[in-house]
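Presented below is the structure to which this report refers.
Protein chains: 2
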Amino acid sequence: MSESVNERPGILVDGLAADAVAATDRGLHFGDGLFETIAVTGGRPRRWERHMARLRAGCARLGFPAPDAGVCLGEAQALCAGRDRAVLKLIVTRGSGGRGYRPPRDPRPTRIMLCRDWPDTPARIRAGGAQVRFCRTRLGRNPLLAGLKHLNRLEYVLARAEWGDAFDEGLLCDDLGHVVEGTVTNLFAVSQGAIHTPDLSQCGVAGVVRGEIMERAEQLAIPLQVAQLTRDFVEQADELFLTNSLIGVWPVARVEQREHGIGPITRRLMAALTDD
Amino acid sequence: MSESVNERPGILVDGLAADAVAATDRGLHFGDGLFETIAVTGGRPRRWERHMARLRAGCARLGFPAPDAGVCLGEAQALCAGRDRAVLKLIVTRGSGGRGYRPPRDPRPTRIMLCRDWPDTPARIRAGGAQVRFCRTRLGRNPLLAGLKHLNRLEYVLARAEWGDAFDEGLLCDDLGHVVEGTVTNLFAVSQGAIHTPDLSQCGVAGVVRGEIMERAEQLAIPLQVAQLTRDFVEQADELFLTNSLIGVWPVARVEQREHGIGPITRRLMAALTDD
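One line per chain: the protein sequences are V and P, in this order. Numbering-wise, the working numbering puts 61 at position 58 of the first sequence, and it's gapless, one number per residue. Numbering-wise, the working numbering puts 238 at position 235 of the second sequence, and it's gapless, one number per residue.
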């Protein structure tokens, strides 16, 4: 009658093993929520405080209460216990209720936690660099949503549908042609000894590793600018690298037809991040 | 042991009575899907062909197969049987699967149908006109998604959260300041005997009643232009009206502090639509 001790649910909804979410949830109806994608190593979620800080900030901007970080941590540890490497995806929605788009006065957010296998990333990327392309899909700009890891991700789905396996990542520009990020990564371009990363005040996702890179650059006294970057600037950069919570830092070896070497600043930041 | 014949599930997921959707569904994770909001009167969904045509066009643009319209109709009729007036909401997502944003090669879309009570709209609106405001929330522009009734609706949630009950609808401008639509309605402005409705090639939802109004205007030989409309143009229009599948046509009585009368062209179109 008792469940096997080896049985480990892959999904928790509001802390309970489940495989489904209410069909009335505003996350489904409107994308009314946020998510975090968290690396788990040795059964422990990495960069936990950074993820929780971003989640809290996002909930504040969307106007519903953030889940208790301690509760989330307990659930994350239970869900990922015994897994050497895994990916934890935490979705938080405004829950059900309200009238149409109008949010409920007393939202009861839904917390969905999924534990997934670590992605099978080719070893060549970290060693030799990523092959990158530019996407035709452009990002619309809206400062109210910019930077948030919210659930309105159709632009990214359409961008990722542009190619199959021939590239490791696709770069996204906004409707004005400024380079913003990769589909699942933030972008850094090194030029004349300084790091440049796109301004995300109009669109894009402010990744937690992006924040960490900015801190590391300051500690290492490497100049870093947040700026609007043109495609020409990116293509002519001395070094390019991509970041996210799972990959850490990926050097870029090629953008479209143009080869890039793995440069010294990229290597320094890869090393600095590994120390984390 | 048998279920009551009066028992009527309010939700069908892929044709089966259910109250939940897979926690892995891409509709929840990315807003990767579309929806239709359909008026049901006398147990029969209205404007069915128009809704199905828009849904098919949307699925084609997002790149996954549309559900069979005949299957949907059967389910809609079963779900809404015996209800004099109701609202049918049909959500179609790309289903589960794929790797992150990357869509699965053979998507198995999810079909979620919800039957809800007819909204309790004040009778004064149709008789005396709607009270309307301008929202501070702006719409980002993306031609790839423009016109679609997709599930990425955070902008609309934020816009609707701007006010409570003091207004009947809020008007949305894009980031350039052009007036696009209401949060749940399309907008028409009458000036010097001609109807103007915002161009939706950059953002906004192309409502089925909007399409019907354009046809009716042609039949009635009333000039109609699709154009970029400024806020000034809207505020100084001779007549304004709003449309959607549930309300049909709402005349606008007031925009912010400015009063508008219910004019002759609005009345003609209200009458023409009622004949449908």
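Even glycine gets a Cβ: it sits at the ideal position worked out from N, Cα and C.
- Residue contact with chain P for residue 115 of chain V: present (Cβ-Cβ distance below 9 Å to some residue of chain P).
- Contact between the segment 134-149 of chain P and the segment 89-103 of chain P is absent: fewer than 3 CB-CB pairs across the two stretches fall below 8 Å.
- Taking the beta carbon of residue 106 of chain P as reference, the chain V residues within 8 Å of it are 160, 163, 164, listed in sequence order.
- For residue 128 of chain V, same chain residues with a beta-carbon under 7 Å away, outside a window of 5 residues either side, are 171, 253 in chain order.
- Note on geometry: alpha-carbon atoms of residue 32 of chain P and residue 21 of chain P lie some 20 Å from one another.
- A distance below 9 Å separates the beta carbons of residue 178 of chain V and residue 143 of chain V.
- Between residue 64 of chain P and residue 166 of chain P, the alpha-carbon positions lie close to 33 Å from each other.
- Take residue 131 of chain P, set aside five residues on each side of it, and the residues of its chain with a beta-carbon closer than 7 Å to its own are 256, in chain order.
- In the three-state reduction of the DSSP assignment, residue 165 of chain V falls in the coil class.
- Residue range 234-238 is occupied by the alpha helix (DSSP H) that includes residue 235 of chain V.
- Scanning P:258, P:111, P:122 for the CA closest to the CA of residue 88 of chain P turns up P:122.
- Under the 8 Å Cβ criterion, the segment 104-115 of chain P does not count as touching the segment 40-57 of chain P, having fewer than three qualifying pairs.
- Apart from the 5 residues on each side of it in sequence, residue 79 of chain V sits with its Cβ closer than 6 Å to the Cβ of 48, 91 in its chain, given in chain order.
- Residue V:62 holds the alpha-carbon nearest to the alpha-carbon of residue 36 of chain V among V:62, V:161, V:242, V:50.
- Between residue 199 of chain P and residue 228 of chain P, the C-beta spacing is below 9 Å.
- With respect to residue 248 of chain P, residue 211 of chain P sits close: the two C-beta atoms are nearer than 9 Å.
- Of the residues V:68, V:76, V:66, the one whose Cα lies closest to the Cα of residue 53 of chain V is V:76.
- Neighbours of residue 33 of chain P in chain V, taken as residues at a C-beta separation under 9 Å, are given in chain order as 34, 154, 155, 156, 157, 159, 160.
- Put simply, the CB of residue 62 of chain P is far from chain V, with every gap to its CB atoms at 9 Å or more.
- Beta-carbon to beta-carbon, residue 208 of chain V and residue 184 of chain V are separated by about 7 Å, close enough to satisfy the 8 Å threshold.
- The criterion of a C-beta distance shorter than 9 Å is not satisfied by residue 233 of chain P and residue 147 of chain V.
- Residues of chain P with a Cβ closer than 7 Å to the Cβ of residue 41 of chain V do not exist; the shortest Cβ-Cβ separation is about 14 Å.
- Taking a C-beta distance under 9 Å as the contact criterion, residue 259 of chain P and residue 238 of chain P qualify as a contact pair.
- If you compare the alpha carbons of V:191, V:250, V:206 with that of residue 266 of chain V, the shortest gap goes to V:191.
- Residue pairing by DSSP places residue 118 of chain P opposite P:91 in a beta bridge.
- By the neighbour-count criterion, in which 16 or more other beta carbons inside 10 Å mark a residue as buried, residue 220 of chain V falls on the buried side.
- Non-local C-beta neighbours of residue 27 of chain V in its own chain, meaning closer than 7 Å and more than five positions away in sequence, comprise 99, ordered along the chain.
- In this chain, residue 206 of chain P is not harboured by any beta strand (DSSP E), its DSSP state being neither H nor E.
- Runs of alpha helix (DSSP H) with 4 or more residues, each lying fully within the segment 127-176 of chain P, are found at 157-163, listed in chain order.
- Membership of residue 36 of chain V in any alpha helix (DSSP H) is not indicated; the residue belongs instead to the beta strand (DSSP E) covering 36-44.
- Neighbours of residue 141 of chain V in chain P, taken as residues whose beta carbon is under 8 Å from its own, are 145, 147 in chain order.
- Taking 8 Å as the cut-off between beta carbons, the residues of the segment 13-30 of chain P near chain V are 14, 16, 21, 22, 23, 24, 25, 26, 27, 28, 29, 30, in sequence order.
- Around the beta-carbon of residue 102 of chain P, fewer than 16 other beta-carbon atoms lie within 10 Å, marking it exposed.
- Along the segment 229-249 of chain P, none of the residues has a CB nearer than 7 Å to a CB of chain V.
- In this structure, DSSP gives residue 259 of chain P a state outside helix and strand, which the three-state scheme calls coil.
- By the CB criterion at 9 Å, residue 117 of chain P and residue 14 of chain P fall inside the cutoff.
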